[in-house]
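>
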Amino acid sequence: MSAARVLWVDASNGAAGDMLLAALLDAGASLDTVRAGLARLGVPVAVDVTAVRRHGFRAAHVRVDAPETDVHRGLSDVLAVLSRLDGPAHDFAAGVFTRLAEAEARVHGSTVDEVHFHEVGALDAIADVAGCALALHDLGLLDAPSRVVSPVAVGSGTVRTAHGPLPVPAPAVVELLTAAGAPLAAHTATMELCTPTGAALLTALATAWGPPPAMTPSAVGVGAGTADPPGHANVLRVLAGTTAAQAAADWQEGELFQVEATVDDLDPRVWPDLLEELRSVGAADAWCVPALMRKGRPGQVLTVLVDAARLDLACRVVYTWTTTLGVRVHPVRRRALRRDSVTVEVTGGAVRVKRAFLGAEVVTAQPEYDDALAAARTAGVPVTAVIDAARAAASPQAPEPGPRH
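Shown next, in the form of structure tokens:
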């Protein structure tokens, strides 16, 4: 039996992007790593962390310095900014904002392309989401098979927004938590406890909802909100540690759902974008295979692998992008190799390489083709030569798991 990373998030007093980022930094994520990753985004933001007290308890507080702006970004604009992140951090951050866009579109009766973020699209929210993605990756928690979130406190009353006063919980928060099947926690506070950004982060993060799982804690982090109300500690806690893995030491084993639909009347040009959309909302994988339908009609069998927290969201994508009237859902178990992403320097430039490990041995090293092609064109060599060089340059040593203190 090997030790697997596990995370528990205590959102019983609510959640916001800056609170989660502060808690992860307090739990041992490297502030320098987060700052370096944010610098790659090319947007004018700076992150500082200070120690504060909330209702008598010590906590970390994150302050994001960003200039005031009236720019309202669409999802494509935000994703263009986040594209400068690498590997799992990019995928997680992009998935969070895609969730937000889906929720806002449902709230306003529009399409994702028509959504223009206001509060959640501000520079500080981009910094919060990207910062959380970088911190989670630094702690080795993005690939953790068990990430449990407590019932979420949402508060009550009203909140001022770009659309005017809105009831608490805000409509986008309700959409996000409902789509993810998240349980709500009762709370007496008449204030906004869970923001749309906080709800999107929690629903993207959670593989399950409930109390702390069986684990041996190795780090605790407490992140404070800006307000310090007299009635409760305005903090979010994270507990990171290890638990006995149910799989062999060389891989991780977890529960997934397999969603299938058979479609015979969809424009074939839609399929590549549909598969990419499913991956962007958190599907572990998505593919389609040809099938022969009634009266010889050609069709496709669409298959999606997704965890419980993203099952409803994946079904929504299938229903809205295709003409199917129903899907088949089966529970499955997956054994996955531990993986990471590194950047290596080869002739012609930098190439990102995705690696998979069996124990300490690299058994798969797959360079990003677009990076390899750009380097090959710069150097004037065949792209296959760059791919081979990038594979050879990828370190054969497995990274050390767990948080750095």
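Going by this note's numbering, 251 is the number at position 264 of the sequence shown; the sequence numbering is gapless.
Idealized CB from N, CA, C, for every residue including glycine.
Are the beta-carbon atoms of residue 351 and residue 343 separated by less than 8 Å?
Position 364 of the sequence shown, counting from 1, holds the residue named residue 351. Position 356 of the sequence shown, counting from 1, holds the residue named residue 343. Against a cut-off of 8 Å, the Cβ pair of residue 343 and residue 351 comes out as a contact.
> Helix, strand or coil for residue 272? Go by DSSP, reduced to three states.
In the sequence shown, residue 272 corresponds to position 285, counting from 1. If DSSP states are grouped into helix, strand and coil, residue 272 belongs with the strands.
> Starting from the C-beta of residue 214, find all residues in its chain whose C-beta is less than 6 Å away, skip the five residues before and the five after it, and write them out in chain order.
As a first step, residue 214 must be located in the sequence shown, where it is residue number 227. Cβ within range, chain order: 221.
> Would you say residue 288 and residue 304 are within 8 Å of each other, going by their C-beta atoms?
Here residue 288 refers to the residue found at position 301 of the sequence shown. Here residue 304 refers to the residue found at position 317 of the sequence shown. No, the Cβ-Cβ distance between residue 288 and residue 304 is not below 8 Å.
> Around the Cβ of residue -8, are there at least 16 other Cβ atoms within 10 angstroms (buried) or fewer (exposed)?
Here residue -8 corresponds to residue number 5 of the sequence shown, with the count starting at 1. Answer is buried; the Cβ neighbour count reaches 16.
> Would you report the Cα separation of residue 30 and residue 278, rounded to the nearest angstrom?
Position 43 of the sequence shown, counting from 1, holds the residue named residue 30. Position 291 of the sequence shown, counting from 1, holds the residue named residue 278. Answer to the nearest angstrom: the Cα atoms are 47 Å apart.
> Given 8 Å as the limit, is there contact between the stretch 142 to 161 and the stretch 179 to 195, that is, 3 or more CB pairs closer than that?
Segments in contact, yes.
> Roughly how many whole angstroms lie between the Cα atoms of residue 17 and residue 125?
Along the sequence shown, one-based indexing puts residue 17 at 30. Along the sequence shown, one-based indexing puts residue 125 at 138. Their Cα atoms are separated by approximately 7 Å.
> Quick check: what's the CA-CA separation for residue 245 versus residue 217?
As a first step, residue 245 must be located in the sequence shown, where it is residue number 258. As a first step, residue 217 must be located in the sequence shown, where it is residue number 230. Cα to Cα, residue 245 sits roughly 47 Å from residue 217.
> Take the Cβ of residue 270 as the centre, count every other Cβ of all protein chains shown within 10 Å, and call the residue buried at 16 or more, exposed below.
The residue labelled residue 270 in the question sits at position 283 within the sequence shown. Its Cβ being crowded by 16 or more others within 10 Å, residue 270 is buried.
> Less than 6 Å between C-beta atoms, sequence neighbours within five positions excluded: which residues of the same chain meet that for residue 336?
Numbered from its first residue, the sequence shown carries residue 336 at position 349. 362, 365, listed in sequence order.
> Nearest-angstrom Cα distance between residue 176 and residue 219?
Within the sequence shown, residue 176 is the residue found at index 189, counting from 1. Within the sequence shown, residue 219 is the residue found at index 232, counting from 1. Answer to the nearest angstrom: the Cα atoms are 8 Å apart.
> Would you kindly work out how many angstroms separate the C-alpha atoms of residue 338 and residue 321, rounded to a whole number?
Counting from one through the sequence shown, the residue named residue 338 turns up at place 351. Counting from one through the sequence shown, the residue named residue 321 turns up at place 334. Rounded to whole angstroms, residue 338 to residue 321 spans 29 Å at the Cα level.
> Does the beta-carbon of residue 70 have 16 or more other beta-carbons within 10 angstroms, so that it is buried, or is it exposed?
Reading the sequence shown from its first residue, position 83 is the one you call residue 70. So residue 70 ends up on the exposed side.
> With DSSP run on the structure shown, which of helix, strand or coil describes residue 107?
For the purposes of this step, residue 107 is taken as the residue at position 120 of the sequence shown. Note on residue 107: pLDDT 47, under 50, position unreliable in the model; the coordinate value appears next. Coil at residue 107, not helix or strand.
> Taking residue 19 as part of the alpha helix (DSSP H), name the residues at either end of that continuous run.
On the sequence shown, residue 19 is found 32 positions in, with the first residue counted as 1. Counting along the chain, the alpha helix (DSSP H) containing residue 19 begins and ends at 18 to 26.
> Identify which residue in 239, 14, 247 has its Cα closest to the Cα of residue 47.
In the sequence shown, the residue the question calls residue 47 occupies position 60. Minimum Cα distance to residue 47 is reached at 14.
> Could you check the C-alpha separation between residue 120 and residue 111 for me, to the nearest Å?
By one-based count along the sequence shown, residue 120 stands at place 133. By one-based count along the sequence shown, residue 111 stands at place 124. Spanning the two alpha carbons is a distance of roughly 14 Å.
> Where does residue 154 fall in DSSP's three states?
As a working note, residue 154 is residue 167 in the sequence shown. The answer is strand: DSSP assigns residue 154 an E or B state.
> Look at the alpha carbon of residue 145 and the alpha carbon of residue 356, and state the distance between them as a whole number of angstroms.
Working through the sequence shown from its first residue, we reach residue 145 at position 158. Working through the sequence shown from its first residue, we reach residue 356 at position 369. In a straight line, the C-alpha of residue 145 is about 49 Å away from that of residue 356.
> For residue 86 and residue 261, what's the separation of their Cα atoms in angstroms?
Locating residue 86 in the sequence shown gives position 99, counting from the first residue. Locating residue 261 in the sequence shown gives position 274, counting from the first residue. Near 15 Å, if we compare the C-alpha coordinates of residue 261 and residue 86.
> Just the Cα atoms here: how many angstroms apart are residue 3 and residue 11?
Indexing the sequence shown from 1 puts residue 3 at position 16. Indexing the sequence shown from 1 puts residue 11 at position 24. Each residue's Cα considered, the two are about 13 Å apart.
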